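Worksheet: one structure, shown below.
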């Protein structure tokens with residue numbers, strides 16, 4: 003029964019990691035960029051939701067408004083970052099974009115710390131009252147976990163529909179396969195890449211709101227660790243693979259929860275990053291990734 007309880011907890015946490023990892027993997031799949039500012043977009047989404055919930059309250063209407071406003075803000079932020087930070091470096095060496103991503107991350111973190119309405123101190127995130135639903139004698143699931151799992155699943159299904167069954171999604175797949183050929187076929191690479199950044203940032207915003215709801219304390223550095231762990235999840239599933247990011251996030255959440263429940267919470271981060279090392283050593287393409295052959 004304890005194993006099942008930890009499994010439920012792991013699915014809840016893994017769903018959040020999967021949402022964040024999708025942003026990493028979509029951006030990498032199209033422009034081969036590890037967007038290390040992605041975790042800080044999660045932080046911006048959490049703070050946007052914080053101010054909405056503080057004004058309206060943490061009822062159903064407040065949560066809906068918090069999600070919508072956080073998604074709009076983070077989507078706009080993602081588009082702005084892509085336009086002014088990454089697009090000018092698209093033809094530059096890949097290391098330049100990587101350093102820029104780290105710089106953007108530091109700007110977002112430290113910019114939030116100096117803003118008077120955010121500041122460096124942690125804040126308590128408003129959330130609905132926690133209600134534990136007892137499934138069996140020793141097995142329970144909270145209403146917060148139900149919200150996290152269901153909303154994450156719905157968002158991942160919506161993303162799957164967008165990527166596989168819409169015109170914009172087909173353009174994303176074409177650009178990820180061959181950007182030059184897609185451009186010659188009349189697909190706007192700039193619009194497609196911008197849409198990808200916006201979509202990934204929207205998912206990061208949702209992940210930020212869900213993460214803050216599950217762990218109700220926010221601060222300007224809160225996106226650092228979930229962002230890194232979501233990156234590990236993306237690599238585990240296969241960077242560039244959308245199903246891989248979902249699978250990797252769920253596996254990582256379950257592994258972390260089982261580590262905290264059966265070993266020690268002090269080892270959870272160490273085991274998480276050990277998984278990254280093992281995957282890079284044994285199967286660099288990840289669980290669902292494909293080997294890329296470069297012709298000379």
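Numbering (this note's numbering), first residue to last: 3 to 298. Glycine included, each C-beta is placed from N, C-alpha and C at the ideal position. Predicted model only: the values in this text are computed from it and were never measured.
Nearest residue (CA-CA) to residue i, options the options
i	options	result
residue 161	8, 84, 28 and 76	28
residue 124	49, 176, 198 and 190	49
residue 21	290, 235, 265 and 286	235
residue 253	243, 232 and 242	232
residue 142	282, 285, 3 and 284	3
residue 30	261, 268 and 241	241
residue 108	172, 39 and 174	39
residue 151	126, 166, 196 and 212	212
residue 206	103, 157, 66 and 193	157
residue 278	219, 86 and 230	230
residue 93	166, 147, 122 and 192	192
residue 52	217, 95 and 189	217
residue 8	282, 268 and 264	264
residue 284	261, 135, 237 and 266	237
Coarse secondary structure for residue i, derived from DSSP in three states
i	result
residue 154	helix
residue 129	coil
residue 120	coil
residue 178	helix
residue 166	helix
residue 139	coil
residue 11	helix
residue 145	helix
residue 221	coil
Inter-residue CB distance, residue i and residue j (contact presumed, cutoff 8 Å)
i	j	result
residue 290	residue 246	4 Å
residue 288	residue 239	5 Å
residue 91	residue 82	Contact doesn't hold; Cβ gap of about 15 Å is too wide.
residue 18	residue 26	So it is not a contact: roughly 14 Å between Cβ atoms.
residue 127	residue 215	7 Å
residue 175	residue 197	The Cβ separation is near 12 Å, so there is no contact.
residue 14	residue 147	4 Å
ask   = Where are the alpha helix (DSSP H) runs, 4 residues long or more, that stay fully inside the region 224-290, in chain order?
value = Considered as a whole, the region 224-290 harbours 226-239, 244-264 and 270-284 as its complete alpha helix (DSSP H) runs of no fewer than 4 residues, in chain order.
task = Mind listing, in chain order, the continuous alpha helix (DSSP H) runs of no fewer than 4 residues lying wholly within the region 183-218?
result = Entirely contained in the region 183-218, the alpha helix (DSSP H) runs reaching 4 residues are, in chain order, 191-216.
key: Complete runs of the alpha helix (DSSP H) confined to the region 15-102 [at least 4 residues]   = Given a length threshold of 4 residues, each whole run of the alpha helix (DSSP H) inside the region 15-102 is given here in chain order: 40-58 and 62-83.
ask   = Taking contact to mean at least 3 C-beta pairs separated by less than 8 Å, is the region 247-260 in contact with the region 271-283?
value = Between the region 247-260 and the region 271-283, the count of C-beta pairs closer than 8 Å reaches three or more; the two stretches touch.
query = Between the region 55-63 and the region 37-46, do at least 3 Cβ pairs fall closer than 8 Å?
reply = Under the Cβ criterion (8 Å, minimum of three pairs), the region 55-63 does not count as touching the region 37-46.
message = Between the region 98-116 and the region 215-229, can you find at least three pairs of beta-carbon atoms closer than 8 Å?
response = Judged by Cβ distances under 8 Å, the region 215-229 makes contact with the region 98-116, as three or more pairs qualify.
query = Touch check for the region 190-203 and the region 69-83: three-plus C-beta pairs under 8 Å?
reply = These segments touch.
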